[in-house]
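**Student:**
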Amino acid sequence: MNELNEKLMEQFRKYQVLMHQGMRRFAPRGPKEDPHHGQGKVLVMLAENDGVSQKLLTEQSGIRPASLSELIIKLERNGLVERQRNEEDKRNRNVYLTEEGRALAETIKSRKDESADFLFDVLSEEEKETLTVLFDKLITSLEDKVADMDEEMPPLAPPHPHFPHGGPHGPHHGPHHEHFGGPHGPHHGPGPHDPEHPQPPRNPEAEEEDKIVLDVLNEEQEEE
């Protein structure tokens, strides 16, 4: 790795950690306030296009029809939306925000705008345009590379019936590993509570990076 690439990697890693720390102040207070997923996403979309048909909302949101129906039912039960039959197509329904739903949607949008300002207010409009071009270039490149990797990598073999947690060398059946306990821990390997095998202290930045990875995985699971 050349010096410039190394500097970019370090800057990107540091920005990720700082962004994660700073964005906690804008964290949604429950699923109804997340503008990017689930109920919050639907509320924001309705605020921009109230009365849209449920069919069109499915297409625009990218959420599976069954999942979207479940989200709308939850919002309806909470008094945030209401559904009315489409006069032109009786098989479909239009979704409208209630007064309470619109107020919550505006709060979500406001917090979303504040978070964007928090991250990018130091940049001029011209610098933001340049940054979007660079990010588009990086994203397109990574999408192509990841697609090629998926084609080259063989599919994962299903777990052996006698070793449902990963086989004889998996996390629960393989050689003892420090992450899975010790003689006094849950899986009989040197663990964090074993005085004969003390664990090294964790780097705070490494712990923060672990949290970022877990947050990303949780977001992907919510989208599914």
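Heads up, the sequence shown is in our numbering, so the first residue is 2 and it goes up one at a time. Every residue gets a Cβ at the ideal spot worked out from N, C-alpha and C, and that includes glycine.
1. Considering only the beta carbon of each residue, do Asp59 and Leu44 sit closer than 8 Å?
2. According to DSSP, which residues form a beta bridge with Ser54?
3. CB Leu81 to CB Gly102, shorter than 8 Å?
4. Measure the C-alpha to C-alpha separation of Phe121 and Val147 and round it to an integer number of angstroms.
5. List the residues that DSSP assigns as beta-bridge partners of Glu83.
6. Which whole-angstrom value describes the C-beta separation of Gln55 and Asn93, a residue pair presumed to lie in contact below a C-beta threshold of 8 Å?
7. Using only the alpha-carbon positions, how far apart do Val123 and Ala117 sit?
8. Please classify Glu89: does DSSP put it in a helix, a strand, or coil?
9. Using only alpha-carbon positions, find the residue among Gly63, Ile64, Glu89, Val96 that is nearest to Glu77.
10. For Arg78, does the three-state DSSP call read helix, strand or coil?
11. Can you tell me the Cβ-Cβ gap for Ala48 and Lys91, rounded? I've got them flagged as a contact below 8 Å.
12. Start and end of the alpha helix (DSSP H) containing Met150?
13. Return the CA-CA distance between Thr108 and Val18, expressed in angstroms with no decimal places.
14. Along the alpha helix (DSSP H) that carries Asn6, what are the first and last residues, could you check?
**Tutor:** Reading it off the structure:
1. Checking the sequence, you will find Thr at residue 59 rather than Asp. Cβ atoms of Thr59 and Leu44: not closer than 8 Å.
2. Beta-bridge partners of Ser54 (DSSP): Asn95.
3. Yes, Cβ-Cβ distance for Leu81 and Gly102 is below 8 Å.
4. Each residue's alpha carbon lies about 28 Å from the other.
5. The beta-bridge partner set that DSSP reports for Glu83 consists of Tyr97.
6. Approximately 6 Å separates the beta-carbon atoms of Gln55 and Asn93; this is inside 8 Å, confirming the contact.
7. Looking at the two C-alpha atoms, the distance is approximately 11 Å.
8. When DSSP states are grouped into helix, strand and coil, Glu89 belongs to the coil group.
9. Ranking Gly63, Ile64, Glu89, Val96 by CA distance to the CA of Glu77 puts Val96 first.
10. Judged by DSSP in its simplified three-state form, Arg78 adopts helix.
11. With 8 Å as the limit, Ala48 and Lys91 do not qualify as a contact, their Cβ atoms being about 26 Å apart.
12. Start and end: 126 to 153.
13. For Thr108 and Val18, the distance between alpha carbons rounds to 26 Å.
14. Here the alpha helix (DSSP H) through Asn6 covers 4 to 23.
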